[in-house]
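Written out below as structure tokens is the structure these notes cover.
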Amino acid sequence: TCSSPYALNSPIQGTVLDIFGAVDGSTFSHTDCIYHTCDAGQFNPTRGNSSSSCEACIAGKFSSSIGATDSTKCSDCLAGKFSNSTGANSTSTCVQCSAGSFSEAGSKTCSYCEAGKYS
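Be aware that the sequence shown starts at 3, since it is given in my numbering, and climbs by one per residue.
And the structure:
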């Protein structure tokens with residue numbers, strides 16, 4: 003098996019890594035191992051081997067990518083839209099601000115326009 007945090011995909015199934023990173027005397031690369039694939043709307047920054055390793059995109063962002071490993075795959079909702087949902091997996095979770103309010107890209111709420119201004 004692969005060492006933590008990698009999951010069940012060693013070069014020789016059932017072998018154990020030694021302390022020098024070799025399997026049965028052959029040099030071993032962690033690139034041959036896999037980590038848990040998180041759903042869209044999540045990412046796995048530690049490349050852990052269970053679903054508990056996944057973190058949700060924060061409110062104001064979404065990701066349709068499956069298997070993302072960092073938060074850069076979480077995209078901002080466009081300016082004028084917002085999302086108060088964490089773990090959003092589609093741009094459709096970004097909702098248009100109502101008349102008289104606005105938002106910057108990546109917002110989780112809209113703000114009302116100042117007196118004398120409109121949107």
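The beta carbon of each residue, even a glycine, is placed where N, CA and C say it ideally should be.
| Item | Value |
| --- | --- |
| Spatial neighbours of lysine 83 in its chain, beta-carbon cut-off 7 angstroms, leaving aside the 5 residues before and after | Cys96, Val97, Gln98, Cys99 and Ser105 |
| Spatial distance of serine 103 from alanine 90 (CA atoms) | 22 angstroms |
| Cα-Cα separation, leucine 80 to threonine 74 | 15 angstroms |
| 7 angstroms CB neighbourhood of glycine 43 in its chain, flanking five on each side removed | Ala58, Cys59, Phe64, Ser65, Gly89, Ala90 and Asn91 |
| Distance between alanine 107 and alanine 117 (C-alpha atoms, nearest Å) | 22 angstroms |
| Neighbourhood of aspartate 78 by C-beta, 7 angstroms cutoff - its chain only, sequence neighbours within 5 removed | Gly62, Lys63, Ala107 and Gly108 |
| Whole-angstrom distance between alanine 101 and serine 113, CA atom to CA atom | 11 angstroms |
| Member of Pro47, Thr93, Ser53 and Thr48 whose CA lies at the smallest distance from the CA of aspartate 41 | Ser53 |
| Simplified DSSP state of serine 87, which is helix, strand or coil | coil |
| For isoleucine 68 and isoleucine 21, the rounded distance between their alpha carbons | Caution is warranted here: a pLDDT of 40 is assigned to isoleucine 21, below 50, making its placement in the model unreliable, and the coordinate value is therefore given only provisionally. So the two alpha carbons sit approximately 33 angstroms from each other. |
| Simplified DSSP state of lysine 110, which is helix, strand or coil | coil |
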